[in-house]
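Student: The numbering used here numbers the first residue of the sequence shown as 6 and each following residue consecutively. Got a structure for you, questions after.
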Amino acid sequence: MLEGKNKVIDPGMVTRTVDIKKDGENALSLYIPEDSVATLSEDTKLLAETRAAGTALLWNGGAAASTTAYSDAVSAYASGGDASYVPYVSLGGFSLRNETGSYVDTKGLTANLGFVKRWEAEKHTDTLMPFFEYGASNYTSHLDDGARADGKQHYIGGGVLLRRDNTDGLHYEAMVRAGRLHGDFAGIMEGYHSSYNSNAPYLAAHAGIGKLFKQKDNSVDVYGKFFWTHLGSDSATIHNSLGQAQYDFAAVNSYRTRLGVRYTKNQPYHSAFYAGLGWDYEFDGEAKASYRNFNTPSPSTKGSSGFVELGWQSRSTKENPWGADVHVTGWVGKQRGIVYGVGVTRAL
6 MLEGKNKVID
16 PGMVTRTVDI
26 KKDGENALSL
36 YIPEDSVATL
46 SEDTKLLAET
56 RAAGTALLWN
66 GGAAASTTAY
76 SDAVSAYASG
86 GDASYVPYVS
96 LGGFSLRNET
106 GSYVDTKGLT
116 ANLGFVKRWE
126 AEKHTDTLMP
136 FFEYGASNYT
146 SHLDDGARAD
156 GKQHYIGGGV
166 LLRRDNTDGL
176 HYEAMVRAGR
186 LHGDFAGIME
196 GYHSSYNSNA
206 PYLAAHAGIG
216 KLFKQKDNSV
226 DVYGKFFWTH
236 LGSDSATIHN
246 SLGQAQYDFA
256 AVNSYRTRLG
266 VRYTKNQPYH
276 SAFYAGLGWD
286 YEFDGEAKAS
296 YRNFNTPSPS
306 TKGSSGFVEL
316 GWQSRSTKEN
326 PWGADVHVTG
336 WVGKQRGIVY
346 GVGVTRAL
């Protein structure tokens, strides 16, 4: 056979070497020699990167719930009068790049809608915050050889956050979330346009502890957090002009820690400016996919990221029922880009 013409590829992007043999007196047929070694295309890493992008989207939703949404909920409760549970809403957006050995760009939004209840005791205040959550993003995956894939993802779920603030400044919290992540994929692998749809459950948890040091007009909060995000396994049918192939996606687990500090400067008329910085470390975040007995290259978000945040908050009062929280966070490292958000509250 002519050089370069002795290869065949199947719908799952597995390439095999073939040869020609005589089949009877007047026919020829292709066959796979015994020494032929089948190889899976490196471009199939794009399939697994979709899962890495989904896990990052879920993590961003959890980070927003434990920070901005909590702050917005407490602000809403402060002006809620004698209501048992006070409603709140918190919205945010992001434009991020996650390094995965290659990289994935994502742009999207997160939304958190729920109710908050607080109980005050002599030495502490407890907060209960049940909520619904929604997030959506557009992503683009890029490999070093120029291969690219695009898609959309969104999640719908719910959760609950519990927190205790002691009068001595010590505070600790826990949160659990669950729901489903939906997404699609469209990319070119080995010159063939391929696509698939996905649907998988997620479960996430968070725990944190910190110490708030208060002075007359300002405060400093030093804290640590741990985030666990689990994206369940899934199977999907890959469609392309060669046919279709069944891929299996292993569960993805993200174990992420955060150490941070935030300085808040109180201003007149119940407003405040705040600034902070922190360091995150991802211990896993590996996304695995397989086709028959072949494994794709596995992207991972393991590594360090740092952030700087700036924000302004206006607290609602009985005289002025409107409150707001506007912030922006810049990221460097394994996760790079900008996260921004706004929370608006009104006493009912």
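The beta-carbon is built from N, C-alpha and C at its ideal position, and this holds for glycine as well.
#1: If you check the beta carbons only, do Gly-316 and Val-331 fall under 8 Å apart?
#2: Given this structure, state the Cα-to-Cα distance separating Val-42 from Asp-77, to the nearest angstrom.
#3: How about Phe-99 and Leu-118: do their beta carbons lie closer than 8 Å?
#4: Kindly say whether Ala-179, judged by its beta-carbon, lies nearer than 8 Å to any beta-carbon of chain C.
#5: Provide the residue(s) that pair with Thr-60 in DSSP beta bridges, ordered along the chain.
#6: Return the chain-ordered list of same chain residues with a C-beta closer than 7 Å to the C-beta of Phe-299, the five sequence neighbours on each side being excluded.
#7: Let's test the definition: count the other Cβ atoms within 10 Å of the Cβ of Thr-115 and tell me whether it reaches 16, buried, or not, exposed.
#8: Could you tell me the alpha carbon to alpha carbon distance between Leu-7 and Val-13, rounded to whole angstroms?
#9: Mapping the DSSP letters down to three states, classify Asn-298 as helix, strand or coil.
#10: Applying the criterion that 16 or more other CB atoms from any shown protein chain within 10 Å of the CB defines a buried residue, is Met-134 buried or exposed?
#11: Would you kindly check if the distance between the Cβ of Tyr-286 and the Cβ of Ser-309 is under 8 Å?
#12: Measure the alpha-carbon distance for Phe-218 versus Ser-224 and round it to whole angstroms.
#13: With a 10 Å radius around its C-beta and 16 neighbouring C-beta atoms as the bar for buried, classify Ala-126 as buried or exposed.
Tutor: The relevant details are as follows:
#1: yes
#2: 58 Å
#3: no
#4: Here chain C cannot be found, since the structure has a single protein chain.
#5: Answer by DSSP bridge pairing: none, since Thr-60 is not bridged.
#6: Val-19, Leu-45
#7: buried
#8: Low confidence applies to Leu-7: its pLDDT is 45, below 50, so where it sits in the model is not reliable, and the reading given next is rough at best. For Leu-7 and Val-13, the distance between alpha carbons rounds to 13 Å.
#9: coil
#10: buried
#11: yes
#12: 5 Å
#13: exposed
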